[in-house]
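Chemist:
In this note's numbering, the protein residues as written are 32 to 352.
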């Protein structure tokens, strides 16, 4: 059992060093952006970095550049609709979710954060940001990712796997349906962290139906463990909570590049909770985090199953003709 535990948390030195370098450079660049330009540019860069983190593992430079362009388009769309009200934002959310279903990156990796970033930039537009802040910050975040992707230059190239149009359409419809449900429910009950729920939903939905159950267990278990870790860390005197958050973020990057999703979630949850500025206590933030994961799980399973069932029946009806 101890051997299995060690193997599940073990990391090779190279991804750890890479993660340390990435986090250090990103923190330096974003910190400099905030000091010289302002917090909105730094926030835009940070959101773009998170959005594009997965494409560091993509081998095709064209896929990386396209991903950066897509991230900027999503940012600008979110910024544009943010001041136009809830229903315009929901229409934009549907469009982005549907388009995302037809976008593959490198080895068929989906840009799952598109709806999340749309909402984040919509919120940023209401915080006094200007459009050039968004564009410049997105370019900065994209540039950091492109540089580190070139440095990493993975040798284990996999053949591109074609995703059938039916699967892309099913994913896009399920993503749009679930995103709308999550936003409307959050608006109705006044849930303050809709982005958390939407992120968990998009991550769970992005895997195949046969992997969704295991991914759900990892997501819920990792969130519970991460919340339990965050509470005692938050009680430490400053600046220890922020130092712990940075260390956890380094491990997040290392684990995701190693493909260890379970440990990635365990480190991600306390990192998010420790860096969330809120009037709520760490215990309440942990509860909100768990609520968002549980609700996202229900929505992902329901939407995925419902859309698959409908498309299967439509195909059978078409074949009968």
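Backbone N, C-alpha and C define an ideal beta-carbon position, used for all residues, glycine too. Note that the structure is a prediction, hence the values are computed from the model and not measured.
Measure from the alpha carbon of residue 106 to the alpha carbon of each residue in 118, 93, 83 and 94, then state which is nearest.
Modeler: 83
Chemist: Note the first and the last residue of the continuous alpha helix (DSSP H) segment covering residue 70.
Modeler: 70–83
Chemist: Whose C-beta lies closer than 6 Å to the C-beta of residue 168 among residues of the same chain, with five residues either side of it excluded?
Modeler: 72, 75 and 76
Chemist: Just the C-alpha distance for residue 42 and residue 114, rounded to the nearest angstrom, thanks.
Modeler: The C-alpha of residue 42 lies about 44 Å from the C-alpha of residue 114.
Chemist: CA-CA distance, residue 304 and residue 333?
Modeler: 27 Å
Chemist: Are the beta-carbon atoms belonging to residue 253 and residue 296 less than 7 Å from one another?
Modeler: Against a cut-off of 7 Å, the Cβ pair of residue 296 and residue 253 comes out as a contact.
Chemist: Using a Cβ-Cβ distance under 7 Å, would residue 104 count as near chain D?
Modeler: No chain D is part of this structure, which consists of one protein chain only.
Chemist: Helix, strand or coil for residue 133? Go by DSSP, reduced to three states.
Modeler: coil
Chemist: Which residues in the same chain as residue 45 place their Cβ atom closer than 7 Å to its Cβ, once the five residues preceding and following it in sequence are excluded?
Modeler: none
Chemist: Hey, residue 261 and residue 50: beta-carbon distance below 7 Å or not?
Modeler: no
Chemist: In terms of residues, what are the limits of the alpha helix (DSSP H) holding residue 115?
Modeler: Looking at the DSSP string, residue 115 is not in any alpha helix (DSSP H), and its letter there is neither H nor E.
Chemist: Buried or exposed: which applies to residue 272, given that a residue is buried once 16 or more other Cβ atoms fall within 10 Å of its Cβ?
Modeler: buried
Chemist: Go through its chain and collect everything with a Cβ distance to residue 337's Cβ below 7 Å, but skip five positions before and after it.
Modeler: none
Chemist: Quick check: the Cα distance between residue 161 and residue 324, rounded to an integer number of angstroms?
Modeler: Roughly 32 Å separates the two Cα atoms.
Chemist: How big is the Cα-Cα spacing for residue 127 and residue 268?
Modeler: 42 Å
Chemist: According to the neighbour-count rule (16 or more other Cβ atoms, all chains shown, within 10 Å of its Cβ), is residue 320 buried or exposed?
Modeler: buried
Chemist: Sorted by chain position, which residues of the same chain lie with C-beta nearer than 6 Å to residue 67's C-beta, five sequence neighbours on each side aside?
Modeler: none
Chemist: Please report the distance separating the alpha-carbon of residue 214 from that of residue 85.
Modeler: 25 Å
Chemist: So residue 299 and residue 275 are in contact, right, with Cβ under 8 Å, and what is the actual spacing, rounded?
Modeler: Between residue 275 and residue 299 the Cβ distance is about 13 Å, and since that is not below 8 Å, they are no contact.
Chemist: Taking DSSP as the reference, what is the three-state secondary structure of residue 65?
Modeler: helix
Chemist: For residue 347, does the count of other Cβ atoms within 10 angstroms reach 16, so buried, or fall short, so exposed?
Modeler: With fewer than 16 Cβ atoms within 10 Å of its Cβ, residue 347 is classed as exposed.
Chemist: Alpha carbons only, please: which of 60, 224, 248 and 98 is nearest the one belonging to residue 329?
Modeler: 248
Chemist: Return the CA-CA distance between residue 79 and residue 144, expressed in angstroms with no decimal places.
Modeler: 10 Å
Chemist: Assuming residue 149 and residue 111 are in contact, meaning their beta carbons sit under 8 Å apart, how far apart are those beta carbons, in whole angstroms?
Modeler: In fact, because the Cβ distance is near 10 Å, the residues do not count as touching under 8 Å.
Chemist: Suppose you measure from the CA of residue 231 to the CA of residue 172; what does that come to, to the nearest Å?
Modeler: 22 Å
Chemist: Answer with buried or exposed for residue 189, where buried requires no fewer than 16 other C-beta atoms within 10 angstroms of its C-beta.
Modeler: Confidence at residue 189 is low in this model, with a pLDDT of 48, below 50, so the placement of that residue should be treated as unreliable; the coordinate-derived value is given next. Exposed, since its Cβ has fewer than 16 Cβ neighbours within 10 Å.
Chemist: Which of the three DSSP states is assigned to residue 201 in this structure?
Modeler: helix
Chemist: Using only the alpha-carbon positions, how far apart do residue 154 and residue 98 sit?
Modeler: 22 Å
Chemist: Kindly give me the distance between the Cβ atoms of residue 236 and residue 205, rounded to whole angstroms, as I take these residues to be in contact under 8 Å.
Modeler: 6 Å
Chemist: Can the beta-carbon of residue 175 be found less than 7 Å from the beta-carbon of residue 278?
Modeler: no
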